[in-house]
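Read top to bottom, the protein sequences are chains A and B.
Residues in the first sequence are numbered from 24 upward in steps of one, following the numbering used here.
Residues in the second sequence are numbered from 24 upward in steps of one, following the numbering used here.
We put the beta carbon where it would ideally sit given N, CA and C, even for glycine.
First the structure, in the form of structure tokens, and then the observations on it.
2 protein chains.
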Amino acid sequence: MANGVTLESLRQSLIRQEDTIIFSLIERARFPTNSPTYNESYVSTPTFSGSLVHFVVKETEALQAKAGRYANPEEHPFFPDNLPPSVVPPYNFTEVLHPPAASININKDIWDMYFKKLLQLFAAPGDDGIYASTAASDLVCLQALSRRIHYGKLVAEVKFRESPEEYEPAIRAKDRDALMKLLTFESVEEAVKKRVAKKAMVFGQEVTLNNDDNKGKYKVDPSVVSRLYGDWIIPLTKLVQVEYLLRRLD
Amino acid sequence: MANGVTLESLRQSLIRQEDTIIFSLIERARFPTNSPTYNESYVSTPTFSGSLVHFVVKETEALQAKAGRYANPEEHPFFPDNLPPSVVPPYNFTEVLHPPAASININKDIWDMYFKKLLQLFAAPGDDGIYASTAASDLVCLQALSRRIHYGKLVAEVKFRESPEEYEPAIRAKDRDALMKLLTFESVEEAVKKRVAKKAMVFGQEVTLNNDDNKGKYKVDPSVVSRLYGDWIIPLTKLVQVEYLLRRLD
Chain A
24 MANGVTLESL RQSLIRQEDT IIFSLIERAR FPTNSPTYNE SYVSTPTFSG SLVHFVVKET
84 EALQAKAGRY ANPEEHPFFP DNLPPSVVPP YNFTEVLHPP AASININKDI WDMYFKKLLQ
144 LFAAPGDDGI YASTAASDLV CLQALSRRIH YGKLVAEVKF RESPEEYEPA IRAKDRDALM
204 KLLTFESVEE AVKKRVAKKA MVFGQEVTLN NDDNKGKYKV DPSVVSRLYG DWIIPLTKLV
264 QVEYLLRRLD
Chain B
24 MANGVTLESL RQSLIRQEDT IIFSLIERAR FPTNSPTYNE SYVSTPTFSG SLVHFVVKET
84 EALQAKAGRY ANPEEHPFFP DNLPPSVVPP YNFTEVLHPP AASININKDI WDMYFKKLLQ
144 LFAAPGDDGI YASTAASDLV CLQALSRRIH YGKLVAEVKF RESPEEYEPA IRAKDRDALM
204 KLLTFESVEE AVKKRVAKKA MVFGQEVTLN NDDNKGKYKV DPSVVSRLYG DWIIPLTKLV
264 QVEYLLRRLD
């Protein structure tokens, strides 16, 4: 299948990415909310004014762009405007996606979801002053979520190649609802939500040598991780898939 | 005790940092070795020439310095020369350490340990082209290790304040061996090595809904994590403690 990419290999990658996402949330939860990190007037320089997290994400993306990060079609910047060019030799990534896919980037939605909804559900209220590390930690979460959600492009491509006849009528009709229906498998979604909650329990427990009970005490609430998948990651991934498919015959 | 810092609160933090370190190794292990990341002639710009990981670490540290990261006495840069000043309002971190502590930075040793010894023990041989993310992932490991090892300063300060009479003769005699002996508790070290191996098993397993056996298959070999602590983290932490105590009466 498609240059070695199969639904099974994508599924394995998505499962592995669950661990990455949960680790990143647990690591962000080391810090309290640290609201000054998000204060829009916290950073003011001749070239930038805005929140510290905006500053850290934008500047980190600029240097990672120089390091070649966004030559990889799996990576999507949060601030794609005016990114500097790569300074490293080009790497020949396998082209799996239909070229119009490159224009799909829903990081704005991911940013809003993360800062307006998710963060307050798992970061404890408080302020320890460690804002730069907090912002760096937010970036790791954002990048893990973005990579996972934009994987929808690959999933859609492989599904399309497996049975184009199933998708073509809805694509030609630009029928988003029909596409969404074709991409929805409730029992699979329920299993994912259960698995990520279990992972949050396993990875977020306090591991001690004498296996005592910390039952019920986790670094990130498993139900929040389950909700993150059910309310946001899965729907946003399907949104990416629909956007991808709508361009698939262009 | 010392501005709210106690041996017990430090112990809790060190235990929590074990999770951070193990997560960071598991995340680095997503990528194969990716040797071009470490090729000294990979990046060549008018202002920089060297390896990609050097470029990414140096540039990330520069932007994090602007974001105020190194105002926190728990953080130590790998490339401290010519770091730009912070552009954010100063935060009043509690001063726990004796001022000469600020000059202690053994990140050069940590860098060499990580790249010359540790990395090859847990990254699978291979090349997937994802070098920028690999370098970013190395940086997360390096920062977690550096923070953990330089915690030795705090540990030494609290131990010193608890019983200065125990340390003063060796400090005045500049007797490193005697200090090292005072700071060594073999049974504690053995327990740490066992605990981190167990954590590597818990965090590095493949979690599935139907709890089947992936016994013996972990994303990072637990014995490598145990060795990381026994051969490098614990000895380097004690080195930091000795360096700190030698300056404690200045």
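(message) When you compare the CB of Leu37/A with every CB in chain B, is at least one pair closer than 8 Å?
(response) no
(request) Determine the direct distance from the alpha carbon of Ser249/A to that of Val79/A, and round the result to whole angstroms. (result) Rounded to the nearest angstrom, the two C-alpha atoms are 28 Å apart.
(message) Bridge partners for Phe71/B per DSSP, in chain order?
(response) Its beta-bridge partners are Thr68/B.
(message) Val163/A and Ser47/A - do their beta-carbons sit closer together than 8 Å?
(response) Taking 8 Å as the cut-off, the beta carbon of Ser47/A is found closer than this to the beta carbon of Val163/A.
(request) Give a yes or no on whether the C-beta atoms belonging to Val215/A and Tyr252/A are separated by under 8 Å. (result) A contact, by the Cβ cut-off of 8 Å.
(request) With 8 Å as the threshold, decide whether the Cβ of Lys176/A is near any Cβ in chain B. (result) no
(message) Quick check on this structure: which residue in Tyr65/A, Leu177/A, Asn234/A, Leu168/A has the alpha carbon closest to the alpha carbon of Trp255/A?
(response) The shortest Cα separation from Trp255/A among Tyr65/A, Leu177/A, Asn234/A, Leu168/A belongs to Leu168/A.
(request) Spatial neighbours of Arg270/B within its chain, please: CB distance less than 6 Å, with the 5 preceding and 5 following residues excluded, ordered by chain position. (result) Pro123
(message) Mapping the DSSP letters down to three states, classify His121/B as helix, strand or coil.
(response) coil
(message) Do Lys222/B and Glu31/B count as a contact pair if the criterion is CB distance below 8 Å?
(response) no
(message) Under 8 Å, with one C-beta from each stretch per pair, do the region 76-92 of chain B and the region 147-162 of chain B reach the 3-pair mark?
(response) yes
(message) When you compare the region 196-204 of chain A with the region 202-219 of chain B, are there three or more beta-carbon pairs, one atom per stretch, that lie closer than 8 Å?
(response) no
(message) Can you pull the chain A neighbours of Leu75/B, defined as C-beta to C-beta under 7 Å?
(response) Ala90, Val111
(request) Using a Cβ cut-off of 8 Å (strictly closer), state whether Ala158/B contacts chain A. (result) By this cut-off, Ala158/B is an interface position.
(request) For Met24/B, I'd like the list of residues in its chain whose CB is within less than 8 Å of its CB, leaving aside the five on either flank, ordered along the chain. (result) Residue placement at Met24/B is poorly supported in this model, since its pLDDT is 44, which falls under 50; the coordinates are not used for a value here.
(request) Return the chain-ordered list of same chain residues with a C-beta closer than 8 Å to the C-beta of Lys261/A, the five sequence neighbours on each side being excluded. (result) Gly175, Met203, Leu206, Thr207
(message) Taking the alpha helix (DSSP H) that Ser249/A belongs to, which residues open and close that run?
(response) 245-250
(request) May I have the straight-line CA-CA distance separating Arg51/A from Tyr137/A, to the nearest angstrom? (result) Straight-line Cα distance between these residues: approximately 12 Å.
(request) Could you give the DSSP three-state label for Asp132/A: helix, strand or coil? (result) Correct three-state label for Asp132/A: helix.
(request) Using a cut-off of 7 Å between C-beta atoms, extract the partners of Gln87/A located in chain B. (result) Correct list: Ala155, Ala159.
(request) Pair every Cβ in the region 86-95 of chain B with every Cβ in the region 108-119 of chain B, then say whether three or more of these pairs are closer than 8 Å. (result) yes
(message) Taking the straight line between their C-alpha atoms, what separation do you get for Pro108/B and Lys197/B?
(response) 35 Å
(message) 8 Å is my cut-off, CB to CB: does Leu262/B come that close to chain A?
(response) For Leu262/B, the answer is no, since every Cβ of chain A falls outside 8 Å of its Cβ.
(request) Starting from the beta carbon of Gly152/A, find every residue of chain B whose beta carbon is closer than 8 Å, and list them in chain order. (result) Asn95, Tyr114, Asn115, Phe116
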